[in-house]
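Student: I'd like to ask you about the structure that follows.
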Amino acid sequence: MPEIILKNLTKRFDQFVAVDNLNLTIGDREFVTLLGPSGCGKTTTLRMIAGLETPTEGEITIGGRVVFSSEKGVDVSPDKRDVGFLFQNYALWPHMTVYGNIAFGLQNLKWPKDKIEARVRELLEMLKIEEFVGRYPSELSGGQQQRVAIARTLATGPKVLFMDEPLSNLDAKLRMEMRTELKRLHLETDSTFVYVTHDQLEAMTLSSRICLLKEGYLQQYEPPLEVYHNPANLFVADFVGSPNINLLQGVGNNVNLDEIKLDCGGLRMIFTPRSSSITLDRDQPVAVGIRPEYIRICTDGEKGKVQGIIYSTLPSGMETIVRIDIGGQQFTCVVFGGVDFAVDEVVEVDFDSQQNVLFDLATGKNLALGKLDIIR
Amino acid sequence: MLMNVRNSLKSYFRKPYNVILWVLVLLLGYLTVIPLVSIVMDTFTVHSSEVMRLQGAEAGDLTLYHWNKVLADPVTSSKVFYEPFWNTIWISLGTCFVAILLGGLVAWLITRTNIKYKSFISTAFVLPYIMPSWTLAMAWLNFFKNPLVGGAPGLFTVLTGIQTPNWFAYGPFPIVIVQGLHYAPFAYILIGGILRNMDANLEEAATILKAGRARIFIKITIPIVMPAMLSTFLLVFSSSMSAFAVPQFLGAPVRFQVLTTQMYRTINGLNPGYGYVIALIMILIGVLILALNQKITGSRKSYTTVTGKSSNIALVNLKGLRTPLSVALIAVLLAICILPLISFAVESFVVAPGNYSPSNFSTVFWVGRGSVSIANGEPGILRNKYIFQGLWNSLKLSVVVAFIAGTVGILAGYAIVRRRGSKLSALVNNLCFFPYLMPSMAFGAIYLSMFAVKRGFIPALYGSFALLVLVGAVKYLPFASRSGVGAMMQLSGEIEEAGTIMGIKWWKRMTKIIIPIQKSSFLSGYLLPFISCMRELSLFILLVSPSTRILTTMLFQYNEKGWNQYANAINLLIVVIVVSCNLIVNKLTGASIDKGIGG
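The listed protein sequences correspond, in order, to chains A and B.
The first sequence: position 263 = 263 (this note's numbering), numbered continuously.
The number in this note's numbering is simply the position in the second sequence, starting from 1, with 376 added.
Right under this line is the structure:
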C-alpha cells in the first residue's frame, strides 16, 4: 500500500535552497502535516511529491514505485503518480459547473456516462452539496467551493491525497467545521493524507504525525502530542502551542547527582531531569520551557512556591489567559474557566508538572524533560 | 423643508466627486450627445451641395432622400452602401483572424513556453501598434507596388523581376495582412495578460486528474481565455472597422471601398448626407459591439481570479523547436518593425521612383533647396518651413490634447470610482467611453459642421487650432478615463479617507496622495492620447486648414499628389518621434502603452 519515502530530497531555486536534504517516510493511511512558517519549503515539498515541481536532487518513492530519482533519471509525470491534490485557492474551473468540475477526472479515465453520474451523485451527497450541482464556481461561497474542490479530488479515489493549505481561505467558523470533516474523510476514504499548513493548531488537531520544517530543514517528525510535550528544539517549542510556551533564559550548573540549578534573572530553580541525568558545563547558557497550562495560580488561600503579580487577564469563557510577573520575569499561564483577576493583584503561583523542557541555548537542542522547583 | 433641501444640496456638492460628475455630465453631454443628435438630423436634412439634385428642395429641408438612397434604392444602395459594408465586414473579420492568431500565438509562446529572447520579442512585438497604422501599408506599397495600376514598381519587383499580381499588391488581401499585423500586439497584450494572470493551479489540477496536454488546452486553457479572446475580437473588429488610412492607401488603387473611405468620399464630396447615414450606422454597430462585449464579460461563467502561486508555472519545453522558432520569430519581427523603416529611408532618397541604382539616390528631398523640376519646387524636408510648421503643430496639438484628456481622465476616474454603483457614475462612465465608438472621421465631420458657426458661448472655430484640440481631447478621453478608472480601482478608498480625517484639503489629497501612488497608471493615461494624437489622420483630416496642418495630414496630401519621397520621409519622422517618445517616457517613469507582459 502507498507508503511515501523521500530520500535526500533537495530543491534549489538559483541560489536559494527551498528544501535541504529532506528524509521522510510517510506511512500508509497516515495523516501527515507539513508544518512551518511561510517560506520554509513545505509547499515545495508537497509539490515535489505530487510531481508539480522537479526536485534538484534526491529520490521519491510512492507505494514502492520510484517516481523521481535524480540519479536514475526517473521523473514520472503527475498524472501517472495516482495522487490527488487539493489547492489552496481550490482551482475550480470557472467555465464548468459543479458537476463538470467533479466529473472531469472520471471523464479522463474514460468511465461510462452512467457510472460517472452515479459517482458524482455519491460525492455530492457525501459533501452535502447536492443542490449546487448546476452552478458555476463564481456562484458559490468559499466554503461551498471548498467542498466542490474536495469532491473533485476524491472523485477518482486516489489512495494518496495532497492538500496545500486548503482551509486558509475560509473564515474561522467554517475552518473549524471543515477540520472535523477532513478528519472523518481521512477515515472514510481509507487513504494517506499529506497536508500543508502554517497553522499549528490545524496540524495539532488533524494529523497523526507532524513534520516541522524551518528554512528547508526538518526540525521534528513525530505525533502531535509528542511534538507538543517533547519539542526537539527551541524553534519547535516556540512554534507549537497557543498561547506560546514560556521560555526563560539563564545559566545552569549540575548541583547534585541528578539535579541542575538554574539561574534565570531573578529566579532560581532546581530542574530534575525525568529520564537520564545530564551533564552541563559550568554556567552553561540554557533555556527552560514551561507550557502555560503548567503554571498554576493557587486559589482558596493555598500557599504556592512563589508569589506573582497579575499583569493582565484575558478571560474567554472556557479558559483565561493570564500574564503574571514572577521575580521580574513575565509568564503566560492558562487557567481553566473564566476567572477575572485584578491587575496588580498578588497571587500565589506553583509550577507543577514533569513536562518542562531544558534546552541548550547555543544549539537550541532539547536536553531533557523534567520537574521544576523554585527556590524561595 | 426648503432649508433641508438646500442643506442636503450643499453637502452633496461639497463632495468634489459630485461636482466633477455633474460638470462632466454637462460637458460631455454637450460634446458627445449633441453631435450625435446633430448627425441624426444631418441624415434627414438637405445639404447645400445637394440642392442641385433634389428638385424643389432647399438646404435645410427635411428629407428621407439619404436613407432611401443609401439603404433602399436598387441602383445606388449597392455601390454606396452594401458593397463597402460587406467589404468592411470581411476586412474586419480577416483582420481579427490574423491579429488574434498571431497575437495569441506569440502571447502563448511568451507566457507558457521556454522560447528564447522573451524580453526582446515582447518589446519588439508591440512596435507595430505604436507605429501609425499606415506605416505598414506604405511599406507594403514600397515593396509590392506593381506597374499595372501605374507608377513605378516596388523594391520586390525591382529585386526579383517578379511582377506582383493586383490582388497581392492592393485591395483586401494586403489590407487584412497589414491591419492584422497592426492589431496583433493589441491581441497579444490582452490575451497575454490573461494567460499570465491565469492561475496555473487550474491547469495543474487537470494534470493531476490525468488529463493530457491537448485535452487540458482544449478543455481548460481555451475556455478560460475565451472571454478575453472574444473581447479582443470585438475590440479589434470595431477598431479595424473604423480604420481609414490603411484601406485608403491600399484600396484606392483598385477602387476597393470600405465604409470609412466611402464616408470620406461622400462627406468631402457632394453627398454629405450619405456619409452621415454611413457614420450613424457605424456608430450603431459600435454600440452593438460594446453591448455584446459587456454581456460576455458579465456572464455567470466569468471568474474572479483568485491569484494563486502562479509563479511556478511549468513552461512547455519546445525542445528541438526552441532555437528555430525563436530565430524565426525574431526574423519576422525584424521584417515587420525594421524593414519598413529602412524602406522609408531608402524611398526618401530615390529621385526617380522604381530606380534603385546608386546614381539615382539624392539627398534633395531632405536638404534640397527646391527646384522647379522636382515636386513643384518643394524644398527638402529639413529646409521646408511647412514641414517644421506641421511638426510643431503636431507636437503642440498632441501635448495639449494629452494634457486635457489625461487630466480629465484622472478626475473622471476618481469621481466614477468614488461614486461607483450610482446611476450618475455609470452615466459618466458611459459618456466618457462613448467617443471611442464614434468612427474618427465621422466625429471630425460632426465637429466640423457643429462648430463652423458660433454656438452659444463657443465662438466659430472653423480652421482654428482650438477645434483640433477640442475634437482630439474628446476623442481620446476614453483611453485616459479607462486608465484613470483602472488606477483608482486598485486604490482603496481608505487611503484617501485617512487624509480626509487629518483635515487635508481635496486638492492636496489628489496631488500629494492619490496621484503619486498611481503615478505610472495615470501617466499612461497621458501617454496614450499623446501617441494616438501624434499618429492620428482620419480624425483631423477634415478639420485642418493651411495654418493648422499637422504632419499626418501633410503626409496624406503628399501621398495623394504622388510625391512619394516626401511622404516616406515624413512617415519616418513620425515613427521616430512616436517610438522614441514612448521609449523615453517608459524609461523615465515606467508608464508605457504596451505594459510589456513578457519575461
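Backbone N, C-alpha and C fix where the C-beta goes; we use that ideal spot for every residue, glycine too.
If we count Cβ pairs, one from each stretch, closer than 8 Å, do we get three or more for the stretch 610 to 627 of chain B versus the stretch 537 to 544 of chain B?
Tutor: No: the two stretches stay apart, fewer than three of their Cβ pairs being nearer than 8 Å.
Student: Would you mind telling me which residues of chain B sit closer than 8 Å to A91/A, beta carbon to beta carbon, in chain order?
Tutor: Translated into positions along the first sequence, residue 91/A becomes position 91. Per Cβ cutoff of 8 Å: D575, N577, L578, E580, A581, G684.
Student: Would F336/A and T313/A qualify as a contact pair, given that the criterion is a beta-carbon distance under 7 Å?
Tutor: For this step, residue 336/A is matched to residue 336 along the first sequence. For this step, residue 313/A is matched to residue 313 along the first sequence. Cβ atoms of F336/A and T313/A: not closer than 7 Å.
Student: At which residues does the beta strand (DSSP E) containing P460/B begin and terminate?
Tutor: Within the second sequence, numbered from 1, the residue matching residue 460/B stands at position 84. Counting along the chain, P460/B falls outside any beta strand (DSSP E), though it belongs to the alpha helix (DSSP H) covering 459 to 488.
Student: Can you pull the chain B residues whose beta carbon is under 8 Å from the beta carbon of D190/A, in chain order?
Tutor: As a position in the first sequence, residue 190/A is number 190, starting the count at 1. What D190/A touches in chain B: nothing, since even the nearest Cβ is about 19 Å away.
Student: Measure the alpha-carbon distance for F519/B versus P716/B and round it to whole angstroms.
Tutor: Taking the first residue of the second sequence as 1, we reach residue 519/B at position 143. Taking the first residue of the second sequence as 1, we reach residue 716/B at position 340. Near 9 Å, if we compare the C-alpha coordinates of P716/B and F519/B.
Student: Compute the distance between the beta-carbons of Q146/A and P137/A, then report whether it is under 7 Å.
Tutor: Residue mapping note: residue 146/A aligns to position 146 of the first sequence, counting from 1. Residue mapping note: residue 137/A aligns to position 137 of the first sequence, counting from 1. No, the pair does not count as a contact, with Cβ atoms beyond the cut-off.
Student: Would you say S687/B reaches chain A, if we count a Cβ-Cβ gap shorter than 7 Å as a contact?
Tutor: Within the second sequence, numbered from 1, the residue matching residue 687/B stands at position 311. Interpretation of S687/B is limited by its pLDDT of 48, a score under 50 that renders its predicted location unreliable; the figure taken from the coordinates is listed afterwards. No, S687/B lies away from the interface with chain A (no Cβ there is under 7 Å from its Cβ).
Student: Step through the CB atoms of chain B and report whether any lies within less than 7 Å of the CB of G105/A.
Tutor: Translated into the one-based positions of the first sequence, residue 105/A becomes position 105. So, interface residue.
Student: Can you list the residues of chain B that G384/A reaches, using a CB-CB cut of under 9 Å?
Tutor: Chain A is shown only over 1 to 376; residue 384/A falls outside these bounds and no answer can be derived.
Student: By how many angstroms is the C-alpha of L52/A removed from the C-alpha of Q219/A?
Tutor: Residue 219/A sits at position 219 when you count from the first residue of the first sequence. Residue 52/A sits at position 52 when you count from the first residue of the first sequence. Approximately 24 Å between the Cα atoms of the pair.
Student: Closest to E936/B by C-alpha separation, out of L478/B, P460/B, L626/B, S702/B, would be which residue?
Tutor: Taking the first residue of the second sequence as 1, we reach residue 936/B at position 560. Closest option to E936/B, Cα to Cα, is L626/B.
Student: Can you say whether P603/B is buried or exposed, counting buried as having 16 or more other CB atoms within 10 angstroms of its CB?
Tutor: Mapped onto the second sequence, residue 603/B falls at position 227. Burial call: buried.
Student: Which chain B residues are close to F87/A, counting only those with a beta carbon under 8 Å from its beta carbon?
Tutor: Position 87 of the first sequence holds residue 87/A. Correct list: N577, E580, A581, G684.
Student: Using a C-beta to C-beta distance shorter than 7 Å, which residues of chain D count as neighbours of I594/B?
Tutor: In the structure shown, chain D cannot be found, because the protein chains are A and B.
Student: Name the chain A residues that come within less than 9 Å of P599/B, Cβ to Cβ?
Tutor: Here residue 599/B refers to the residue found at position 223 when the second sequence is read from its first residue. Within 9 Å Cβ-Cβ: W93, P94, H95, M96.
Student: Measure the alpha-carbon distance for F867/B versus L400/B and round it to whole angstroms.
Tutor: Counting from 1 along the second sequence, the entry for residue 867/B is found at position 491. Counting from 1 along the second sequence, the entry for residue 400/B is found at position 24. For the sequence presented, residue 867/B should be read as Leu rather than Phe. Cα-Cα distance, rounded: 22 Å.
Student: Using a Cβ-Cβ distance under 7 Å, would N101/A count as near chain B?
Tutor: Within the first sequence, the letter at position 101 stands for residue 101/A. With 7 Å as the cut-off, N101/A does not count as an interface residue toward chain B.
Student: Identify the contact partners of P37/A in chain B, using a Cβ-Cβ distance below 7 Å as the criterion.
Tutor: Along the first sequence, read from residue 1 onward, the residue named residue 37/A stands at position 37. Near P37/A there are no residues of chain B at all, since even the closest Cβ is about 16 Å away, more than 7 Å.
Student: In terms of alpha-carbon separation, which member of G364/A, I310/A, Q355/A lies closest to V347/A?
Tutor: Indexing the first sequence from 1 puts residue 347/A at position 347. Ranking the options by Cα distance to V347/A, first place goes to I310/A.
Student: How many Å lie between G63/A and I5/A at the Cα?
Tutor: Start at 1 with the first residue of the first sequence, and residue 63/A comes out as number 63. Start at 1 with the first residue of the first sequence, and residue 5/A comes out as number 5. Roughly 8 Å separates the two Cα atoms.
Student: Once the 5 residues before and after F457/B are set aside, which same chain residues still bring their CB inside 6 Å of it?
Tutor: Residue numbering aside, residue 457/B sits at position 81 when the second sequence is read from its first letter. Taken in chain order, the residues that qualify are V446.
Student: Since S857/B and A778/B should fall inside the 8 Å C-beta cutoff, what is the C-beta to C-beta distance between them, to a whole number of angstroms?
Tutor: Sequence index remark: in the second sequence, residue 857/B carries index 481 (1-based). Sequence index remark: in the second sequence, residue 778/B carries index 402 (1-based). With 8 Å as the limit, S857/B and A778/B do not qualify as a contact, their Cβ atoms being about 13 Å apart.
Student: Using CA atoms only, rank isn't needed, just tell me which of L378/B, V409/B, L481/B is closest to L701/B.
Tutor: Here the question's residue 701/B lines up with position 325 in the second sequence. Answer by Cα proximity: L481/B.
Student: Is N769/B near I926/B, with beta carbons less than 7 Å apart?
Tutor: By 1-based counting over the second sequence, the position of residue 769/B is 393. By 1-based counting over the second sequence, the position of residue 926/B is 550. Yes, the pair counts as a contact, with Cβ atoms nearer than the cut-off.
Student: Report the neighbours of T156/A on chain B: residues whose CB is nearer than 7 Å to its CB, in chain order.
Tutor: Sequence index remark: in the first sequence, residue 156/A carries index 156 (1-based). What T156/A touches in chain B: L585.
Student: Excluding the 5 residues preceding and the 5 following T56/A in the sequence, name in chain order all residues of the same chain whose CB lies nearer than 8 Å to its CB.
Tutor: Here residue 56/A is taken as the residue at index 56 of the first sequence, counted from 1. Excluding positions up to five away in sequence, the list reads T10, K11, R12, S70.
Student: Taking the alpha carbon of K128/A as the reference point, which residue from I150/A, T61/A, L109/A, D114/A has its own alpha carbon closest?
Tutor: Position 128 of the first sequence, counted from the first residue, corresponds to residue 128/A. For K128/A, the nearest C-alpha among the options comes from I150/A.
Student: Reducing DSSP to helix, strand and coil, say where K881/B ends up.
Tutor: On the second sequence, position 505 is the one that residue 881/B refers to. In the structure shown, K881/B sits in coil (DSSP, three-state: anything other than H, G, I, E or B).
Student: On the CB-based measure, 16 or more other CB atoms within 10 Å of its CB, does K214/A come out buried or exposed?
Tutor: On the first sequence, position 214 is the one that residue 214/A refers to. It counts as buried.
Student: Could you confirm whether any beta carbon from chain B is found closer than 7 Å to the beta carbon of L52/A?
Tutor: In the first sequence, residue 52/A corresponds to position 52, counting from 1. True, the Cβ-Cβ gap to chain B drops below 7 Å.
Student: Please go through the stretch 612 to 673 of chain B and give each complete alpha helix (DSSP H) segment of 4 or more residues, from N-terminal end onward.
Tutor: Entirely contained in the stretch 612 to 673 of chain B, the alpha helix (DSSP H) runs reaching 4 residues are, in chain order, 621 to 627, 635 to 644, 648 to 673.
Student: Between G250/A and L280/A, how many whole angstroms is the CB-CB distance? I'm expecting something under 8 Å.
Tutor: For this step, residue 250/A is matched to residue 250 along the first sequence. For this step, residue 280/A is matched to residue 280 along the first sequence. Actually they do not touch by this definition, with Cβ atoms about 12 Å apart.
Student: Could you spell out the range, first to last residue, of the alpha helix (DSSP H) harbouring V401/B?
Tutor: Walking along the second sequence from the start, residue 401/B turns up at place 25. Start and end: 392 to 404.
Student: Using a Cβ-Cβ cut-off of 7 Å, state whether P315/A counts as contacting chain B.
Tutor: Locating residue 315/A in the first sequence gives position 315, where the first residue counts as 1. Closer than 7 Å: no.
Student: Which of helix, strand or coil does DSSP assign to T683/B?
Tutor: The count along the second sequence starts at 1 and reaches residue 683/B at position 307. Below a pLDDT of 50, predicted positions are generally treated as unreliable, and T683/B, at 41, falls in that range; no measurement from the model is reported.
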